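Sequence order for the protein chains is Y and Z.
One point on numbering: in our numbering, the residue at position 593 of the first sequence is 593, and numbering is uninterrupted.
One point on numbering: in our numbering, the residue at position 8 of the second sequence is 8, and numbering is uninterrupted.
Glycine included, every Cβ here is placed at the ideal spot set by N, Cα and C.
Keep in mind it's a predicted model, so treat the numbers as computed, not measured.
Presented below is the structure to which this report refers.
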Amino acid sequence: MAPLEPQEKVLLSKGFLATTHGALACESCHGGSPASMDKATAHAGFDPVPSINNPRKACGDCHGDIVATAKDSLHATLSTFPRVLANRSSKDSLGHVDEARKNHCSACHTSCGGCHVSRPQFAQKGFIQGHVFQKRSDPINQCTACHGSRVGSEFFGERGQGDVHAARNMDCVACHPAKEMHAAAPRNLPGRYQLGELARCTDCHKDLQYGSMRDHAIHIGKVQCQVCHSQTYVNCYGCHVGKDAEGTAFFQNRREVETLKIGLNQDAKAPGAGYRYMLVRHVPSYPEMFDFYGRGLFTSFGGVPTWKRASPHNIQRRTWQAATCNNCHGNRALFLASSDLQDHEKQANRKVVVPDGKLPKPIEKTQTLAIDTSKVRSGMVVDARWLHENLGKKNVVVVDARNRAEFDKGHVEGAISLDPLTSGFRTGGDAERPFVLVGHEEVAGILGRAGLEANDHVVVYDQSGLTAMALLAVLEWAGATHVSYLDGGIEGWHSAGFHASKVPPNRATRVFTGTVRPGFVASSAALADLLGKPNVVVLDARAIHRILGETRHEKASRAGAIPGSINLPLGALIMDNGALKSPAELLWMLRTRRITPDKTVVTTCDTGLAAADAFFVLRWLGFPDVRVHDEAWVIWSKTR
Amino acid sequence: MGAALSGLLGAGVGSAALAAETSGCVTCHLDEAMLVKNLGGATAKKSAMQSGAG
Chain Y
1 MAPLEPQEKV LLSKGFLATT HGALACESCH GGSPASMDKA TAHAGFDPVP SINNPRKACG
61 DCHGDIVATA KDSLHATLST FPRVLANRSS KDSLGHVDEA RKNHCSACHT SCGGCHVSRP
121 QFAQKGFIQG HVFQKRSDPI NQCTACHGSR VGSEFFGERG QGDVHAARNM DCVACHPAKE
181 MHAAAPRNLP GRYQLGELAR CTDCHKDLQY GSMRDHAIHI GKVQCQVCHS QTYVNCYGCH
241 VGKDAEGTAF FQNRREVETL KIGLNQDAKA PGAGYRYMLV RHVPSYPEMF DFYGRGLFTS
301 FGGVPTWKRA SPHNIQRRTW QAATCNNCHG NRALFLASSD LQDHEKQANR KVVVPDGKLP
361 KPIEKTQTLA IDTSKVRSGM VVDARWLHEN LGKKNVVVVD ARNRAEFDKG HVEGAISLDP
421 LTSGFRTGGD AERPFVLVGH EEVAGILGRA GLEANDHVVV YDQSGLTAMA LLAVLEWAGA
481 THVSYLDGGI EGWHSAGFHA SKVPPNRATR VFTGTVRPGF VASSAALADL LGKPNVVVLD
541 ARAIHRILGE TRHEKASRAG AIPGSINLPL GALIMDNGAL KSPAELLWML RTRRITPDKT
601 VVTTCDTGLA AADAFFVLRW LGFPDVRVHD EAWVIWSKTR
Chain Z
1 MGAALSGLLG AGVGSAALAA ETSGCVTCHL DEAMLVKNLG GATAKKSAMQ SGAG
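Here you go:
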C-alpha cells in the first residue's frame, strides 16, 4: 500500500459529488461549519470518523438494518479481547490490563468508513477514490492495510507462494461477505472462530468427503482443511507495548518466525470445527507484555494458550506436508511439541501440544516422491556453525550485505560491509534505464575496493536474504568462483548462540580479476525472443497483486506482467529472516509450477533485485541455465 | 442525515450536488494546492517507537 501525502488523504474527487453520498451536505455526517472559509472555524466540531463515533447518526438513518448489527461487529468492537485478557488476569489487575487494551489493542478497530470510504485509522487513514463510497472493500487499501502481515503478506505472496484464491483474482469479500462482516458478535463471545457467520471453506467446497479425492475421504472430520492446504506462516513473539516521550502509544513486535505447526484442537465446539488436528499460530503475548502499566498483571498467564487455532490465508491445492503421506505422518517436527514452548507458556499450551502417542503413525506402504537433489550445489549455502568454525581461515571472506547502519549495530566478526543497493552496482532509479547492472569494470572495481578477490570463498549474509542473494548473483556474474549464502542470515547467527562484533572492518583493497559469466543477463529484447519457446520458462518473482495489475512499481509505466510468465513470488523461495527450506521441498514446489532444471529459466521482477535473488536460489538448487532479466518490468513496461 | 438525504432526493440530486459544490468544505477539499498549503508539515500520529507488524 503506497503511503499518501497529507493532502492526498483528504482530497475529494469531482466524481464523488455526482454520487448519492456526494449529494449530502458534508456537515450532515461530519459536523463542522461549512460556511466558514477559515480552516480552524470550519473544522470546529468536525468529526473525522463519524461512523466510529456515531454510526447510528452517520450511517444508520439510511442503512439502519446494517448499522443495527455492524456497530456490534468484531471489526467495530474487538469484543473478544476483553475476555481473553480477563482470563489471563485477576480482579485486581484487570483495571490496568484493560487500560492497556484500550490504548493498544483497540487501536485496530474500525467501522463503516474504514471499510467503505477511506483507509482505516490504524492504516493512517486517507480517502479511497476521493471519498467515493465503495460497496466492496478494497483489499489493498482497506482489508490488508490492517490485516497485513498475517493475512495480506501471505495472501498476495509476499511470504510464501501466495493464496490460490488470490491468484484466481478473488478478493477478501469473495469469502468474507457482508453477512459475516456486518454480523453482531454475541456478548461474551469466547473467540472469533465462535462467530456463527464466520466464513468456512465448506461454504464453497461442499461435500468433499463424497468426492473422488481419496485423501478427502480419509481426512475430513479429523483435520482442519488448512493442515493440508496451508504453507508456512508467520508467528509473532514478544509484543512490547508502552508510550513514548510524547505520550503516544506504541507496540513493538520483537520477533517473527515463519513456520507451520499442527496442534490438538481444544476448540472443537466452535462451529464447523469438530476435527482433532488444527494449525496453530503463536500469538505475541508473554507475561511481561503489559509491564508498562504495572508489573505482574497477567496473574493467570497459563489460562489461555499462546499457540492458537490459525487459518492462514496462503492456501494451495498441493503443499509439501501433503505431498506424500509420510511428509506428515510420523513427522515430529510438524507437530507442536513441549520443546517448542518457552517455560512461561508450558501450562498455557498443555492441551495443544501433540504428545508422541498422538502423532499420526507413519504409513508403511506409500508412494515416495522422486526428487533428484543430486545436482544441488550444497557448498553455495552454509550454516552458522560452519561459518563460526571457518571464520578467519585463509580466503574465507565474510560480507554483510545489510545497510551500514545495521552493520554498525553489530556484525559477524571480521565481516566487511557491502550493501548492493547503495554500492553502485546498478543504475539509479532516475536513470534512463533504471536499476540495471553497470559495466563489469565498474563492478569489479567496487568489489576490489571492498577487499574481494575472484578466488576468495565469499560468504554473504543479511537480515532477509534479499540483498545478500542479490550480491551473490552479482558476484557470480562478475566471475567470483566460490560464493556461499549464510542460511538464516544474522538472525540465524544469533539463534545459533554466536555473538556480534562492533569492530570496524579492516580489509585492504584487492584487485578483483574475475571474468564475466556469459549468459547471465537476458535483456528485454532477448527475453522477447525466448518467449514461447519450448524448454524456456520465465519466472516472475513478484507478489500476486502485481501480476493481477492491482498495484505497480512507482517507476513502471503500467501494471501487468510479461505474457506467458509463471508467477512464483520470491517469498516462496526465501523464508522470513532469510531462512531456506530444504532443496527437496523447493525442487518439488518448482516442479508443481513446471519449473524444472532441464529448462532455461529467465527470472524477472520489477527492478531486477528479486530476479537476482531467485537466480541465486535456482543456481544453488542445481539449475544449469538461469538468466536474470535485470531490465525487469520497470523497463519492459516502458518499451513493450 | 436520513431527513437530509430525503430532502435532497426530493429536491433532485442535481441541485443538491450544486449546493454541495458551493459549500466551503468542497471548495477547499477539491483544491489540492490549498490543501498542500494548509496541511504542509502535518505528520501522522504514530510513535517512532512502533515497530513490527500488527
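Member of the options whose CA lies at the smallest distance from the CA of residue i
i, options, result
"E288/Y", "V626/Y, A100/Y and G160/Y", "A100/Y"
"A500/Y", "P534/Y, S484/Y, K346/Y and D408/Y", "D408/Y"
"G549/Y", "H457/Y, G560/Y and S417/Y", "G560/Y"
"S423/Y", "I446/Y, P50/Y, M469/Y and S523/Y", "I446/Y"
"H282/Y", "A470/Y, W477/Y, L260/Y and F81/Y", "L260/Y"
"T642/Y", "L189/Y, V257/Y, C204/Y and K375/Y", "Outside the shown range of chain Y, which is 1 to 640, sits residue 642/Y, and nothing can be said about it."
"V173/Y", "N395/Y, Q134/Y and Q231/Y", "Q134/Y"
"H313/Y", "D630/Y, C143/Y, N567/Y and G439/Y", "C143/Y"
"A632/Y", "V241/Y, F435/Y, L466/Y and V67/Y", "F435/Y"
"S417/Y", "S212/Y, V398/Y and R433/Y", "V398/Y"
"Y233/Y", "R619/Y, M575/Y, R640/Y and H629/Y", "M575/Y"
"P420/Y", "V117/Y, A473/Y and H344/Y", "A473/Y"
"R529/Y", "P563/Y, P55/Y and A543/Y", "What sits at residue 529/Y in the sequence shown is Asp, not Arg. Closest option to D529/Y, Cα to Cα, is P563/Y."
"K166/Y", "A614/Y, V626/Y, W636/Y and I547/Y", "A small correction: the amino acid at residue 166/Y is Ala; Lys does not occupy that position in the sequence shown. Among A614/Y, V626/Y, W636/Y and I547/Y, the Cα nearest to that of A166/Y belongs to I547/Y."
"R385/Y", "A405/Y, A401/Y and S495/Y", "S495/Y"
"I635/Y", "A431/Y, K533/Y and D613/Y", "A431/Y"
"A611/Y", "C26/Y, S285/Y, L471/Y and V443/Y", "L471/Y"
"A478/Y", "A579/Y, I595/Y and R517/Y", "R517/Y"
"S374/Y", "P583/Y, D61/Y, T77/Y and V117/Y", "P583/Y"
"W307/Y", "F250/Y, W320/Y, Y286/Y and A543/Y", "Y286/Y"
"E8/Y", "N38/Z, E32/Z and G41/Z", "E32/Z"
"P55/Y", "D630/Y, T110/Y and R627/Y", "T110/Y"
Residue j beta carbon less than 8 Å from that of residue i
i, j, result
"C325/Y", "L334/Y", "no"
"G22/Y", "F46/Y", "no"
"L279/Y", "Q224/Y", "yes"
"Y275/Y", "K222/Y", "yes"
"F127/Y", "V10/Y", "yes"
"G497/Y", "N577/Y", "no"
"L12/Y", "L30/Z", "yes"
"Y237/Y", "R214/Y", "no"
"T509/Y", "S47/Z", "no"
"G294/Y", "Q347/Y", "no"
"N298/Y", "V241/Y", "Note on identity: in this sequence residue 298/Y is Phe, with Asn being the wrong assignment. Cβ atoms of F298/Y and V241/Y: not closer than 8 Å."
"P6/Y", "C25/Z", "no"
"V381/Y", "W620/Y", "yes"
"A415/Y", "P505/Y", "yes"
"G514/Y", "A468/Y", "no"
"R402/Y", "G451/Y", "no"
"A199/Y", "H176/Y", "yes"
"G330/Y", "K361/Y", "yes"
Extent of the continuous beta strand (DSSP E) to which residue i belongs
i, result
"F616/Y", "F616/Y -> not in any beta strand (DSSP E); alpha helix (DSSP H) instead, spanning L609 to W620."
"D400/Y", "V396 to D400"
"D540/Y", "V536 to D540"
"V460/Y", "H457 to Y461"
Residue range of the unbroken alpha helix (DSSP H) whose run includes residue i
i, result
"E258/Y", "Counting along the chain, E258/Y falls outside any alpha helix (DSSP H), though it belongs to the beta strand (DSSP E) covering A249 to T259."
"L486/Y", "No alpha helix (DSSP H) contains L486/Y, which is instead part of the beta strand (DSSP E) from H482 to L486."
"R101/Y", "L94 to N103"
"W386/Y", "A384 to N390"
"Q278/Y", "Just to set this straight, residue 278/Y is Met in the shown sequence, not Gln. Taken as a continuous stretch (DSSP letters only), M278/Y belongs to no alpha helix (DSSP H), being part of the beta strand (DSSP E) at Y277 to H282."
"N327/Y", "C325 to C328"
"T27/Z", "G24 to H29"
"R214/Y", "R214 to H219"
Any non-hydrogen atom of the ligand ZN within 7 Å of residue i CB
i, result
"A473/Y", "Although the ligand ZN was asked about, the structure shown includes no ligands whatsoever."
Chain Z contacts from the region 17-28 of chain Y (Cβ-Cβ distance under 8 Å): Flagged, chain order: L17, A18, T20, G22, A23, L24, A25, C26, E27 and S28.
Is it true that the region 147-164 of chain Y meets the region 561-577 of chain Y, where meeting means three or more beta-carbon pairs spaced less than 8 Å apart? Look at the beta carbons and you see the region 147-164 of chain Y touching the region 561-577 of chain Y: at least three pairs across the two are nearer than 8 Å.
State whether the region 592-602 of chain Y contacts the region 176-196 of chain Y, with contact taken as three or more CB pairs (one from each stretch) at a distance under 8 Å. Cβ pair count under 8 Å is below three, so no.
Taking 8 Å as the cut-off, does the region 419-435 of chain Y touch the region 604-615 of chain Y (at least 3 CB pairs, one atom from each stretch)? Contact between the region 604-615 of chain Y and the region 419-435 of chain Y is present, because at least three Cβ pairs lie under 8 Å.
Would the region 113-128 of chain Y count as touching the region 537-544 of chain Y if we require 3 or more Cβ pairs under 8 Å? Verdict: no, contact absent.
At least 3 beta-carbon pairs within less than 8 Å: the region 63-79 of chain Y vs the region 90-97 of chain Y: Touching, no, given that fewer than three Cβ pairs across the two stretches are closer than 8 Å.
Is it the case that the region 480-494 of chain Y contacts the region 446-461 of chain Y, given that we only count it when at least three CB pairs across the two stretches are under 8 Å? Cβ pair count under 8 Å is three or more, so yes.
Measuring CB atoms only, is the region 262-269 of chain Y touching the region 349-366 of chain Y, in the sense that at least three cross pairs come out at less than 8 Å? Between the region 262-269 of chain Y and the region 349-366 of chain Y, the count of C-beta pairs closer than 8 Å reaches three or more; the two stretches touch.
Where the region 246-268 of chain Y meets chain Z: residues whose CB sits under 8 Å from a CB there: Against chain Z - using a Cβ distance shorter than 8 Å - the residues of the region 246-268 of chain Y are E246, T248, A249, F250, F251, Q252, N253, R254 and E256.
For the region 289-300 of chain Y, which residues have a CB atom closer than 9 Å to at least one CB atom of chain Z, in sequence order? For the region 289-300 of chain Y, which is checked against every Cβ of chain Z, not one residue is closer than 9 Å.
Quick one, which residues of the region 230-244 of chain Y are near chain Z if we go by CB-CB under 7 Å, in chain order? Identification of residues in the region 230-244 of chain Y having a C-beta nearer than 7 Å to some C-beta of chain Z yields D244, given in sequence order.
Could you name the residues of the region 41-57 of chain Y whose beta carbon sits closer than 7 Å to any beta carbon of chain Z, in the order they occur along the chain? Residues of the region 41-57 of chain Y with a Cβ closer than 7 Å to any Cβ of chain Z, in chain order: A42 and K57.
Under 8 Å, CB to CB, which of the residues in the region 493-504 of chain Y have a partner in chain Z? Here the close residues number zero.
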